[in-house]
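**Student:** Got a structure for you, written out below as structure tokens; questions coming shortly.
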Amino acid sequence: MAAVPSQAAAQETPKFAAPVGVIGVGNMGGAMARRLLDGGCRVWVRDLRPEAEAALLQAGAQRASGCADLARHCPLLIVAVVDAAQCDDVLFGHAGVGDAWQIGATVVLCPTIASHDVERIAERLQARGVACIDAPMSGGPQRARDGSMSLMVACADAVFASHEAALRWLSSRLVRIGVRIGDGARTKLVNNLLAAVNLAGAAEALALAERVGLDPQRTLQVIEQSSAQSWIGSDRMARALAGDFAPRAHTTLLAKDTTLALELAQRTHVQPPLGAVAQALFARACADGLESLDDASLLTLMRRMFDGERGVA
Numbered sequence: 002m003a004a005v006p007s008q009a010a011a012q013e014t015p016k017f018a019a020p021v022g023v024i025g026v027g028n029m030g031g032a033m034a035r036r037l038l039d040g041g042c043r044v045w046v047r048d049l050r051p052e053a054e055a056a057l058l059q060a061g062a063q064r065a066s067g068c069a070d071l072a073r074h075c076p077l078l079i080v081a082v083v084d085a086a087q088c089d090d091v092l093f094g095h096a097g098v099g100d101a102w103q104i105g106a107t108v109v110l111c112p113t114i115a116s117h118d119v120e121r122i123a124e125r126l127q128a129r130g131v132a133c134i135d136a137p138m139s140g141g142p143q144r145a146r147d148g149s150m151s152l153m154v155a156c157a158d159a160v161f162a163s164h165e166a167a168l169r170w171l172s173s174r175l176v177r178i179g180v181r182i183g184d185g186a187r188t189k190l191v192n193n194l195l196a197a198v199n200l201a202g203a204a205e206a207l208a209l210a211e212r213v214g215l216d217p218q219r220t221l222q223v224i225e226q227s228s229a230q231s232w233i234g235s236d237r238m239a240r241a242l243a244g245d246f247a248p249r250a251h252t253t254l255l256a257k258d259t260t261l262a263l264e265l266a267q268r269t270h271v272q273p274p275l276g277a278v279a280q281a282l283f284a285r286a287c288a289d290g291l292e293s294l295d296d297a298s299l300l301t302l303m304r305r306m307f308d309g310e311r312g313v314a
């Protein structure tokens, strides 16, 4: 019997007529750039870290001397930086794109940022004749690398149609949210608030399993086959139990995202109780020195908290 192709492998490779620029080639941006290269796309990259650019150059990408240089070569720009301030810097700052846009250029905004920041950035781009695709991403570097990550896309129908092939090459789990810019960001914040709640719960459960004398690996196996299973819990706790805290997604990211999600909720005069607990835990993890580790380190925080409750230094 022939093997069934994976969801990502089954995608039709798009014909990239024009180069694509990627600003910010860290864990996620770098994986997206490699995915585009796999599809035969000419990719230009820009990052403040020379070592991040060097890894992509070896894979076949072109290095831009700056964001403006990248925009002059690429009508489609993917922004994969960390936060709204960095988006402003690379697009509008003194070392940003400035006025170097091609006619008909489009920016794909992939960071997890507040919806009002997405709206503000899109308005500034529109004033320059540049379209915006609100497209926050989810799934981690490996899924970005093989094209199976999620993209939550909000933009005008015509803009989506123009770039649908490239977006679907990057994401076999693309969800078309709608036409209202900012709704992609809102969806991502709701998603990440639940991800934080699920991860905090998984870390708490496994720390408790250890405390009552259970084998945490066996406990995780049970959870993965039972009603408490979550993708992020399985993914992160498997690494945590192996002592692997190398950052795929820094603890600071969910600390940031949960804060943004609660701010979004407060704008509608609600306070999500579980979300507030998760936000406090991720803030505490950062304050406890775990900010630069993978967010799997929430298990470390739970272990410390349980030790503290027993009076262990």
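In the working numbering, the protein residues as written are 2 to 314.
All C-beta atoms in this analysis are idealised placements derived from N, C-alpha and C, irrespective of residue type, glycine included.
Only a predicted model underlies this, so the values are computations on that prediction, with no experimental measurement involved.
(1) Using the C-alpha atoms, what's the distance from Thr113 back to Gln8?
(2) Start and end of the beta strand (DSSP E) containing Val91?
(3) Taking DSSP as the reference, what is the three-state secondary structure of Leu294?
(4) Count the C-beta pairs between the region 198-216 and the region 166-184 that are closer than 8 Å, then say yes if the count reaches three, no if not.
(5) Of the residues Arg47, Arg73 and Leu282, which one's Cα is nearest the Cα of Arg64?
(6) For Ile114, which three-state DSSP category applies?
(7) Count the other CB atoms within 10 Å of the CB of Ile104; is the residue buried (16 or more) or exposed (fewer)?
(8) Take Ala279 and list the residues in its own chain whose beta-carbon comes closer than 6 Å to its own, dropping the five residues that flank it on each side.
(9) Taking 8 Å as the cut-off, decide whether the C-beta atoms of Ala250 and Gly140 are in contact.
(10) Helix, strand or coil: how does DSSP classify Ile122 here?
(11) Ile104 by DSSP, collapsed to three states: which one?
(12) Assuming Ala81 contacts Gly30 (C-beta within less than 8 Å), just tell me the rounded distance between them.
(13) Could you give the DSSP three-state label for Leu195: helix, strand or coil?
(14) Taking the CB atoms as reference points, tell me whether Met303 and Glu225 lie closer together than 8 Å.
(15) Could you tell me if Trp45 is buried or exposed, where buried requires 16 or more neighbouring beta carbons within 10 angstroms of its beta carbon?
(16) Taking the Cβ atom as the reference point for each residue, do Asp296 and Arg237 lie within a distance shorter than 8 Å?
(17) By Cβ distance below 7 Å, which residues in the same chain neighbour Met306 in space, the five residues on each side in sequence not counted?
(18) Based on DSSP bridge pairs, tell me the residues matched to Leu77.
(19) What span of residues does the beta strand (DSSP E) with Ala132 cover, start to end?
(20) Could you tell me the distance, in whole angstroms, from the CA atom of Ala132 to the CA atom of Ile233?
**Tutor:** Working from what's here:
(1) With a pLDDT of 45 at Gln8, under the threshold of 50, the modelled position of this residue cannot be trusted, and the question is left open.
(2) Val91 -> not in any beta strand (DSSP E); alpha helix (DSSP H) instead, spanning Ala85 to Phe93.
(3) coil
(4) no
(5) Arg47
(6) coil
(7) exposed
(8) Ala197, Val198, Ala201 and Thr259
(9) no
(10) helix
(11) coil
(12) 3 Å
(13) helix
(14) no
(15) buried
(16) yes
(17) none
(18) Val21 and Thr107
(19) Ala132 to Asp135
(20) 33 Å
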